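Accompanying notes for the structure given below.
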Amino acid sequence: MFFSCTNENPQLSNDENGLNIISAKKVKLDIIFESKSNSTVKGTASFDEINGRVTFVAKMTGLEPGIHAIHIHEKSDCTAPDGSSAGGHWNPTFQPHGEWGIGQYHKGDIGNFTADKKGNGIITLTTAEWCIGCGDNNKDILGKGLIVHQGIDDFVTQPSGNAGARVACSAIIQ
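First residue of the sequence shown? That's 1 in our numbering, and the numbers climb one at a time after it.
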């Protein structure tokens, strides 16, 4: 597995008028998926935090064409052949499973994306509900797992959306 992380701390400088200027805090984390449940899924994900907002992008290949769910799970453990070692959905606020941004949902309930006829899929999400390494237990995604599921998240079935087998896993670690 390959992981990379950069953390650019804010810098203080003065402009031509003597005013203090603080540059943006930037944190970047890139991770690679491992195939699970005898799948051929491969892919990468990136998390970029700038000024308190995290942009997440995942790109996958080897999927069955159609709709798939992706979630952040409790643990950064991808050792089990079926991905079960990553635990359940990350849910630090103890909410019911649901659809991201609508009503109640887990912080790990990212949602669904579509794989094309060739099995390629991409999903993007930007949120202020996550952080990378900030230490806030309700926001910090470090130490969690990222799971791609075989099927669609129905956003209703508790506690996980009935999304099927875990076909890819990655640890969200530096």
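The beta-carbon is built from N, C-alpha and C at its ideal position, and this holds for glycine as well. Keep in mind it's a predicted model, so treat the numbers as computed, not measured.
Residues near I70 by beta carbon distance below 8 Å, same chain, minus five either side: Locating residue 70 in the sequence shown gives position 70, counting from the first residue. A58, I110, G111, N112, F113, I123, L146, I147, V148, H149, listed in sequence order.
Between the segment 30-41 and the segment 125-138, are three or more C-beta pairs nearer than 8 Å? Taking a contact to require three or more Cβ pairs closer than 8 Å, the segment 30-41 and the segment 125-138 do not qualify as touching.
Looking at the structure shown, is A86 part of a helix, part of a strand, or coil, going by DSSP? Residue mapping note: residue 86 aligns to position 86 of the sequence shown, counting from 1. Helix, per DSSP.
According to DSSP, which residues form a beta bridge with S46? Indexing the sequence shown from 1 puts residue 46 at position 46. Paired residue(s): D30, V57.
Pick from V54, A115, N138, S84: whose alpha carbon is nearest that of I152? Taking the sequence shown and counting its residues from 1, one reaches residue 152 at position 152. Among V54, A115, N138, S84, the Cα nearest to that of I152 belongs to A115.
Looking only at its own chain, which residues have a Cβ that is under 6 Å from the Cβ of N120, when we skip the five neighbours before and after it? Residue numbering aside, residue 120 sits at position 120 when the sequence shown is read from its first letter. Taken in chain order, the residues that qualify are T61.
Buried or exposed, going by whether 16 or more other CB atoms sit within 10 Å of the CB of I94? Walking along the sequence shown from the start, residue 94 turns up at place 94. Sequence check: residue 94 is Phe here, not Ile. The residue is exposed, with fewer than 16 neighbouring Cβ atoms inside 10 Å.
Can you list, in chain order, the residues of its chain whose CB lies under 6 Å from that of G88, leaving out five sequence neighbours each side? Within the sequence shown, residue 88 is the residue found at index 88, counting from 1. So the qualifying residues of the chain are E74.
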